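First the structure, in the form of structure tokens, and then the observations on it.
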Amino acid sequence: MADYADFVVRINSAVEQITPHSGFQEDRGAVSELHSVVVEASDSMDPVWSASLMAYARDQLDNITALVDAKYITQAAERLELTRSIAATRAFIDSGGAPVCFTQGTCIDTSSGPVPIEQLTAGAQVMTPGGARAVKWIGRRNLKALQRLPEDARRTHYPVHFAAGALGGGLPTQRLSVSPGHHLYIDGVLIRAVDLINGVSIFQDPVVDSVQYLHIELETFDVIRAHGVYSESWADGGNRSFFDNADVVCLRPQDLKRRRAPRPGFEVVRPTGKGSEKLRAIQRRLAELAGTLDTALLRAASTELTETPIGSPAMNGEAAAA
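Numbering (the working numbering), first residue to last: 448 to 769.
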């Protein structure tokens, strides 16, 4: 059992100083004892919740004794106090689901040109294969202390980087960084970034300790263009609570029930099952392409990760700054 203490919270309580961990909780089947532990105002915590226990914002925690399906909800630390001992039957870094997002600094193609995703607002017109479509909502989530995660959780949370040209045809036009579960639209199918890793031109960041993930919701699901590459808009799989700015108080229990995210009109392929042969063909093509790319540039791009924060202008080759 990990020695981290981010479980149940009570809102609008006095703040005292402790040294909380700043990342995530892993506690599989163990019992965690917490007694009036509080966090200081400069910190933030991600309390674990079951989908049915969403009354936290109204100080209704008296009868909470256990968690079943873990969820993470982020609130400002100055409003948090851990108030009870709980038996956590399943609490892991679910966070409303593994991230399916772009990283900060990704340039989204809009009707007025490329714009860093963090600068977009509702109503912005982003480019899809059918033309410009209005942004409905943008979700944001800051993840910290990633190096503290167990190895399997790192694989689902560390960004995947696509070097310029890694997908062929000069695409992406500059490095594209997304979460492992984010689907790219390649050869007419949707493929998770993690299923395209070849260790050369497409690779997972081994050193990052923090990252900001963002995603774009449209009125209906579609693919949007970033660095010349189409990939998915946010698909509702019951994971809206992953985002820091989700209005979790207004979410209904059914909104938090994890489910396969609908992507109507698009084929999704996985390493096993329907479409696996198509995926393997794409993997082979990209691996062969990687062998033709400038290996010196690829090595430089990989080395740069140890020196440049995720989402910084330098990391993305910042064409958007021009």
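Quick reminder that beta carbons are idealized off the backbone N, C-alpha and C, glycines included. Keep in mind it's a predicted model, so treat the numbers as computed, not measured.
Judged by DSSP secondary structure, S624 falls within the beta strand (DSSP E) whose first and last residues are 623 to 625. Residue environment for V654: exposed (fewer than 16 other C-beta atoms within 10 angstroms of its C-beta). Residue range 598 to 604 is occupied by the alpha helix (DSSP H) that includes E598. Here the C-alpha atom of V670 lies approximately 6 Å from the C-alpha atom of S680. Pairing V647 with A728 gives a Cβ-Cβ distance that is not under 9 Å. V716 sits in coil when the DSSP states are folded into three classes, being neither helix nor strand.
Counting every other CB atom within 10 Å of its CB across the protein chains shown gives R622 a total of 16 or more, marking it as buried. D556 sits buried, since 16 or more C-beta atoms from the chains shown fall within 10 Å of its C-beta. For V641, the secondary structure class from DSSP, reduced to helix, strand or coil, is helix. Apart from the 5 residues on each side of it in sequence, Q594 sits with its Cβ closer than 6 Å to the Cβ of D656 in its chain, given in chain order. Judged by pairs of C-beta atoms under 8 Å, the stretch 607 to 622 does not touch the stretch 581 to 599, as fewer than three such pairs exist. In the DSSP secondary-structure assignment, W584 is bridged to E664.
Residue state for S678 is assigned as strand, using DSSP reduced to three classes.
For Q572, the beta-bridge partners assigned by DSSP are A581.
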